[in-house]
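Here is the structure we will look at, set down as structure tokens.
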Amino acid sequence: MRTELVSEPGDPDRPNEDFASVGLPASGQGGSLIVLDGVTPPKGETGCLHSVPWYTARLGGALTELTVSCRDLSLAEILSRAILRTAEAHATTCDLSHPRTPQATVVLARWSPQDVEYLVLSDSALLAESPSGELTVVLDDRLSRLPRSALATDAMIDTTLRNKEGGFFTAAADPSVAARSVTGSLPRADVRTLVALTDGATRWVEKFDQGDWADCFTLVRKEGAAELVSRVRALERADAEERTYLRRSKTHDDATVVYAEL
């Protein structure tokens, strides 16, 4: 197996809120891939003493351990347990019911000699390539399908959409949200390569329209994960003033790409 992992903060003066890992069980059979994109809160109260990087490190650490050690659990069950474990770590000091309690988007993949399981929650992405070159794109598109008018203010999003039916879901403090994930599996023989990306990297496709998902995958495979991030940064800088593509989005976002040849 060959892997490549690149994670770059959007602002070098701020901590990277993403998390990524690749795990291999001691048996040498199979492995796992985890990518989290911490949700940057707006200025103001979050109800929590802890930072978003603290949360993603805790949740990511739990997911790394559980995906490797608990082969009998589904990925949704593992995400539920990891959210609960993380919530218990600060339940006595923080208001976990606050809509802006630290949270993250999630991509999980786990493979064995028999199959490749996947889970996606919110707006990160997972690409799976078959030996023949066919690409399977796994997305949770609930956020992108919401009308722009519903996303007008942070208060409106928190009140009516964030982790609510008819809105979109992220991993925060409620373990039941794991059941809202996009999940499935593919035969192991049908998957040659996986690429997981946070939305800071998927901007190349989704914001800047530089190509489709197959083009993005080909760029990562041929020129490397770092090249994708570098191109996104160049596009962000070029659009910093006109904001033709980014509109209300932040100029630079944390960007993470994990490439794994199984």
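When we follow the working numbering, the leftmost residue of the sequence shown carries the number -19, and every step to the right adds one. Ideal placement from N, C-alpha and C gives every residue a C-beta, glycine not left out.
Between the Cα of residue i and the Cα atoms of the options, which residue gives the shortest distance?
i    : options                : result
S92  : I63, V117, R51         : R51
A159 : S165, T81, P111, E57   : E57
D189 : G41, Y225, H78, V2     : Y225
P22  : S110, V15, S31, R211   : S31
K230 : V212, L208, E241       : V212
L110 : V100, L166, V238, D75  : According to the sequence shown, residue 110 is Ser rather than Leu. Among V100, L166, V238, D75, the Cα nearest to that of S110 belongs to L166.
W206 : V118, A214, V237       : The amino acid occupying residue 206 in the given sequence is Ala; Trp does not appear at that position. Among V118, A214, V237, the Cα nearest to that of A206 is on V237.
D121 : A214, W184, S104       : S104
E25  : L76, T173, T163        : L76
N143 : K187, S161, S129       : S161
H70  : Y35, R(-18), L174      : Y35
L106 : S7, L242, E(-16), F197 : F197
L119 : E216, D138, L131, L99  : L99
K187 : G41, V200, R227        : R227
A42  : A62, S49, S54, L53     : A62
Let me confirm a value: residue i is counted as buried when at least 16 other C-beta atoms fall within 10 Å, else exposed. Which label applies?
i      : result
S12    : buried
A108   : buried
G(-10) : buried
L29    : exposed
E68    : exposed
R183   : buried
K202   : exposed
T81    : buried
T72    : exposed
T139   : exposed
G164   : exposed
L10    : Reading off the sequence, residue 10 comes out as Gly, not Leu. Per the 10 Å Cβ criterion, buried.
Start and end of the alpha helix (DSSP H) containing residue i?
i    : result
S210 : 205 to 218
V185 : 179 to 186
T140 : 134 to 140
Taking a contact to mean a Cβ-Cβ separation below 8 Å, would you say residue i touches residue j in this structure?
i      : j    : result
L59    : A151 : yes
V15    : A0   : yes
E97    : A89  : yes
L64    : P155 : yes
L115   : A169 : no
P(-5)  : P33  : yes
G180   : A235 : yes
E(-12) : V209 : yes
L242   : V157 : no
S102   : L123 : yes
T66    : L39  : yes
A240   : L141 : no
G18    : C74  : no
D(-2)  : T178 : yes
G8     : T44  : no
Residue range of the beta strand (DSSP E) that residue i falls in?
i      : result
V117   : 115 to 119
T236   : 235 to 241
A84    : 84 to 91
L131   : Looking at the DSSP string, L131 is not in any beta strand (DSSP E), and its letter there is neither H nor E.
S(-13) : -18 to -12
P167   : 162 to 167
A108   : 105 to 109
V96    : 95 to 101
- Secondary structure, beta strand (DSSP E): runs of 3+ residues fully inside the region 0 to 61: Qualifying beta strand (DSSP E) stretches, in chain order: 11 to 18.
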